Amino acid sequence: MIDDLYSARILSLAANLPHSGRLAEPHGTAERVAKLCGSKAIVDVTLDAEGRIKEFAQTVKACALGQAAAGVVGESILGASAAEILEARDAMLAMLKSGGEGPVGRFEGLRVLKQVADYPARHASTMVALEATLDAVNQALEKHHSDTRTRLAGAA
Numbered sequence: 218m219i220d221d222l223y224s225a226r227i228l229s230l231a232a233n234l235p236h237s238g239r240l241a242e243p244h245g246t247a248e249r250v251a252k253l254c255g256s257k258a259i260v261d262v263t264l265d266a267e268g269r270i271k272e273f274a275q276t277v278k279a280c281a282l283g284q285a286a287a288g289v290v291g292e293s294i295l296g297a298s299a300a301e302i303l304e305a306r307d308a309m310l311a312m313l314k315s316g317g318e319g320p321v322g323r324f325e326g327l328r329v330l331k332q333v334a335d336y337p338a339r340h341a342s343t344m345v346a347l348e349a350t351l352d353a354v355n356q357a358l359e360k361h362h363s364d365t366r367t368r369l370a371g372a373a
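For the sequence shown, this note's numbering gives the first residue as 218, with consecutive numbering after it.
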């Protein structure tokens, strides 16, 4: 049964991590670690004027499942909004923990990991890249709002 978990698609995603590395001047950076296994993702983002992902980079040290999830995120992330990432995260958690169908739209590719639901010890590693991405975007949005408030206060 574990062989079914590590399908050719999952192994291909794990081996080809899009946007690998770091950004020189990110708007937001976040790190997530799965405590049980030590899988780790560091994500850098820049946002455009509408708050969508303009640039994205990730450094992921995880099992094949965590790498595969990061691969899907990397393939789909450019142009994504915080709301889309949050929706994908919530749908992914529902898929893993309560029988949900998984993300739709931009992040539908994460459904390839549906069988991970049967392996609770692998849930956290499967989520590190998406969680780190959401954290980095939220940090960038908070910084943008803070900078905007500072500019408005300075103009008063």
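Idealized CB from N, CA, C, for every residue including glycine.
Since the structure is predicted, the reported quantities are computational estimates derived from the model, not experimental observations.
Would residue i be called buried (16 or more neighbouring beta carbons within 10 Å of its own) or exposed?
i: Thr367; result: In this predicted model, Thr367 has a pLDDT of only 48, less than 50, meaning its place in the structure is not dependable enough to derive any value.
i: Gly283; result: buried
i: Asp307; result: exposed
i: Ala274; result: buried
Work out the CA separation of residue j and residue i for me, nearest whole Å.
i: Leu327; j: Ala341; result: 14 Å
i: Thr246; j: Asp335; result: 31 Å
i: Ala258; j: Glu318; result: 24 Å
i: Met218; j: Ala279; result: Any answer about Met218 is weak, because its pLDDT of 46 lies below 50 and its placement is not dependable; what the coordinates show is given next. If I take the Cα positions, the gap works out to 21 Å.
i: His362; j: Gln356; result: 10 Å
i: Val333; j: Leu313; result: 7 Å
i: Gly296; j: Arg269; result: 5 Å
i: Arg339; j: Leu347; result: 14 Å
i: Gly322; j: Ala305; result: 9 Å
i: His236; j: Thr276; result: 9 Å
i: Leu358; j: Ile227; result: 32 Å
i: Asn233; j: Glu292; result: 10 Å
i: Val354; j: Arg249; result: 13 Å
i: Glu272; j: Ile302; result: 15 Å
i: Lys360; j: Leu264; result: 11 Å
i: Ala231; j: Ser224; result: 11 Å
i: Ala300; j: Leu351; result: 9 Å
Can you give me the start and stop residues for the alpha helix (DSSP H) that residue i sits inside?
i: Gln284; result: Ala281 to Ser293
i: Asp307; result: Ala299 to Ser315
i: Arg226; result: Ala225 to Ala232
Among the options, which has the Cα closest to the Cα of residue i?
i: Lys331; options: Ala286, Asp352, Ala300 and Leu264; result: Ala286
i: Val289; options: Leu264, Lys271 and Pro320; result: Pro320
i: Ala349; options: Ser256, Ile227 and Pro337; result: Ser256
i: Lys252; options: Val345, Ala353 and Leu351; result: Val345
i: Ile294; options: Gly316, Ala311, Ser315 and Glu325; result: Glu325
i: Ala337; options: Leu303, Ser315 and Ala353; result: A quick correction: the sequence has Pro, not Ala, at residue 337. For Pro337, the nearest C-alpha among the options comes from Ser315.
i: Leu310; options: Thr343, Asp352, Ala299 and Gly238; result: Thr343
Looking at the unbroken beta strand (DSSP E) that takes in residue i, where does it start and where does it end?
i: Asp261; result: Lys257 to Leu264
To which residues does DSSP link residue i through a beta bridge?
i: Arg249; result: Ala258
i: Phe273; result: Val262
i: Lys331; result: Answer is none; Lys331 lacks a bridge partner.
i: Ser237; result: Gln275
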